[in-house]
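Here the sequence shown is numbered in our numbering, starting from 28 and rising by one per residue. The next block holds one structure in the form of structure tokens; read it before the comments.
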Amino acid sequence: MTRAATLPLFHLYGDPPEDQAFDFIHVETIASRSARHAWTIHAHRHRNLFQILLITAGGGDMSHETATRPFTAPCAILVPATVAHGFRFRPTETAGWVISFTEDVGHGLGTAADAALARLRMLAADPVVPIGGEAEAERLAGLAHALHEEHFLARDGYRLALRAWLALIAIGVARLAARRERGRTPAPTGGAGEPVVEALRHLVEEHFRRERQLAFYAGRLAMTADRLNDHVKRASGVTVGHLIRQRIVTEAKRQLVFTSQPIHEIGYELSFADPSHFTRFFRRQTGLTPQAFREQGGG
């Protein structure tokens, strides 16, 4: 693997990041961008875009954080904001759609669609969602085509129409993802605590490199430390400390696999004062040293 100096951050792939992106919906065919890049989209991130890929023909491999996941049509692929991802599509054979939207659009779609998007974010830990039947695959492809037509023609009322088509796609994929989960061990649903966990995740994303203390996050959320921990444990089954450590490990893995940055610099950027402290932390969380993890290419 050829490593870059840093893991690229894009708005859309190849475009510079746009920190002020707001009220943004974009749809394009897979071939329109991938064919220009030899059907390979190298590992990268988006700061505030959620993406749904609908694969209608062909397939390939997805890099999802530091793991590789194969996919075959028909399927949907879920990519939440900030997740490191890339694709190697089967050249000329693969077809489908890439739908990108900022999180504010998702939150403004209405109660049912907003719940579907929250469900998608939770289920995106397993990002490839098979589409079982031909009828369902054709229905979702038709919705994506309608979304693309509205986006391209920009007729009167098209912004409202874009949201309607996007909501139908999000709900449809969420139903497929939920169907996939049947028969698996049920996960905690979160109930009343779920909005708190969502707010915490946003805070952790912003501050995890410097802030590790429960008291800091509890203060930002105007809660006591004990109350915040209780909310998070009921909603997710883990502690606040676990979520913070998980985010630090995820970032360390990204830098180790996708960049050529020296290991001691990765540790310093994650606020470990001494390389040995970083090594001990990483080995305790993963069972491997940072060097061993880099040499085996993640996993």
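Glycine included, C-beta positions come from ideal geometry on N, C-alpha and C.
Exposure of residue i, with buried meaning 16 or more beta-carbon neighbours within 10 Å
i	result
A94	exposed
G294	buried
E233	exposed
R311	exposed
H91	buried
A300	exposed
P289	exposed
G123	buried
E177	buried
Q323	exposed
R190	buried
G85	buried
E161	exposed
H73	buried
Residue i versus residue j - alpha carbon distance
i	j	result
A197	R96	22 Å
P43	R60	15 Å
H304	S298	10 Å
H258	F179	44 Å
A173	I82	16 Å
L36	V132	20 Å
G113	L167	23 Å
R236	L227	15 Å
A319	V284	11 Å
T56	A171	10 Å
R321	A152	22 Å
M250	N256	10 Å
A181	E45	22 Å
F51	T129	5 Å
A188	G169	14 Å
F308	G325	17 Å
H269	R186	40 Å
V276	P118	34 Å
E296	G314	21 Å
Q282	G184	43 Å
T216	A48	Since pLDDT at T216 reaches only 44, below the 50 mark, its modelled position is unreliable, and the value read off the structure follows with that caveat. Taking the straight line from one Cα to the other gives about 31 Å.
E120	R207	26 Å
S19	R274	Summary: the structure shown does not reach residue 19, with the chain confined to residues 28 through 326, and so no result is reported for it.
V156	A58	20 Å
One or two residues paired with residue i in a DSSP bridge
i	result
A122	A84
P97	D88
Q78	V106, S127
F51	In the DSSP output, where bridge partners are listed per residue, F51 has none listed.
H71	H112
P157	C102
G36	Note on residue identity: the sequence assigns Leu, not Gly, to residue 36. In the DSSP output, where bridge partners are listed per residue, L36 has R72.
T266	Its beta-bridge partners do not exist; DSSP assigns none.
T56	W124
Contacting residues, own chain, Cβ-Cβ under 6 Å from residue i (five flanking each side not counted)
i	result
T33	T286
T164	Sequence inspection shows Ala at residue 164; the Thr mentioned does not correspond to that position. Hits under 6 Å: P101, I158.
A70	S90, A111, G113, F285
R148	P107
D88	T95, P97, R115
W66	F116, P118
L150	A204
Same chain, Cβ closer than 8 Å to residue i, five either side skipped, listed in chain order
i	result
L230	Y244, R247, L248
R146	A201, A204, A205
T266	N256, V259, K260
R254	A245
T24	For residue 24 there is no data in the structure shown, the boundaries of the chain being 28 and 326.
L278	Contrary to the premise, residue 278 reads as Glu rather than Leu in this sequence. Once the five neighbours on either side are set aside, the close Cβ partners of E278 are F235, R236, L297.
Other residues of its chain near residue i: CB distance less than 7 Å, five sequence neighbours each side excluded
i	result
S127	L39, H53, L76, Q78
R272	Q312
R239	I271
A252	L241, A242, A245
Check: residue i C-beta below 8 Å from any heavy atom of the ligand ATP
i	result
H112	The ligand ATP is not part of the structure shown, which contains no ligands of any sort.
C-beta neighbour in chain B for residue i, strict 9 Å
i	result
I293	Absent from the structure is chain B; it holds one protein chain and no more.
Exercise. Does the region 58-78 come within contact of the region 100-113, defined as at least 3 CB pairs closer than 8 Å?
Worked result: Taking a cut-off of 8 Å on C-beta distances, the region 58-78 touches the region 100-113, as three or more cross pairs fall below it.
Exercise. If we count Cβ pairs, one from each stretch, closer than 8 Å, do we get three or more for the region 190-205 versus the region 241-260?
Worked result: Taking a cut-off of 8 Å on C-beta distances, the region 190-205 does not touch the region 241-260, as fewer than three cross pairs fall below it.
For this session: Check whether the region 187-196 touches the region 219-229, taking contact to mean three or more Cβ pairs, one atom from each stretch, closer than 8 Å.
Result: The region 187-196, when compared against the region 219-229, does not touch it at the 8 Å Cβ threshold.
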